[in-house]
Amino acid sequence: MTTLADLRNEYDFLDADDRYRLLIDLGRGLEPMPEALKTEATLVRGCSASVWVYPTAQADGTLHFLADSNAAITKGIIALVLLTVQDRPPTEILATDIDAALAPFDLKNQLSSNRTQGIPNMIALIKATAERYA
74 MTTLADLRNE
84 YDFLDADDRY
94 RLLIDLGRGL
104 EPMPEALKTE
114 ATLVRGCSAS
124 VWVYPTAQAD
134 GTLHFLADSN
144 AAITKGIIAL
154 VLLTVQDRPP
164 TEILATDIDA
174 ALAPFDLKNQ
184 LSSNRTQGIP
194 NMIALIKATA
204 ERYA
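If you read the sequence shown in the working numbering, its first letter stands for residue 74, the second for the next number, and so on.
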């Protein structure tokens, strides 16, 4: 799996169109999410596209998230968000400043407001999940 730092280094050298393609490719790389998990309970509220996030607690105490979206760019955005927290203990997720980790990608200026409006809700859902497991 690509690290956030590796992705950021690549992202910095790309023009706007290639950044879109990179996000789309990142979304394509998400682990498949079974259709049965795409429910109202796993739906992220406040996103212009449908986004589902499903957490699983691993035997080692980490959280692993499955996610999907019905929009390619949004799927890439949730994949980017997950790079900051995937397979980490809940306490580490709670201590992670996801907004700061994503800041170098400047998504608010790279993408339309429709595309980015749900990011705070994605982050809030992940943080709330970590809080429940902590």
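Note that beta-carbon positions come from the ideal geometry of N, C-alpha and C, so glycine has one too.
Excluding the 5 residues preceding and the 5 following residue i in the sequence, name in chain order all residues of the same chain whose CB lies nearer than 6 Å to its CB.
i           : result
residue 156 : 77
Would you grab the beta carbon distance between residue i and residue j for me? Rounded to a whole angstrom, and I think it's under 8 Å.
i           : j           : result
residue 187 : residue 121 : 5 Å
residue 150 : residue 192 : 6 Å
residue 217 : residue 190 : One cannot answer for residue 217 here, as it falls past the ends of the chain, which runs 74 to 207.
What are the start and end residues of the beta strand (DSSP E) that includes residue i?
i           : result
residue 115 : Premise fails: residue 115 is in no beta strand (DSSP E) and is neither H nor E.
residue 90  : First-last for residue 90: 89-101, but that is the alpha helix (DSSP H), not the beta strand (DSSP E).
residue 130 : 124-130
Can you list, in chain order, the residues of its chain with a C-beta nearer than 7 Å to that of residue i? Leave out the 5 residues immediately preceding and following it.
i           : result
residue 92  : 84, 183
residue 201 : none
From the DSSP output, which residues share a beta bridge with residue i?
i           : result
residue 206 : In DSSP, residue 206 forms no bridge with anything.
residue 138 : 128
Among residues of its own chain, excluding the 5 on either side of residue i, which ones have a beta-carbon nearer than 8 Å to its beta-carbon?
i           : result
residue 167 : 200, 203, 204, 207
residue 181 : 189
task = Mind listing, in chain order, the continuous alpha helix (DSSP H) runs of no fewer than 4 residues lying wholly within the segment 142-188?
result = 145-156, 163-168, 171-175, 180-183
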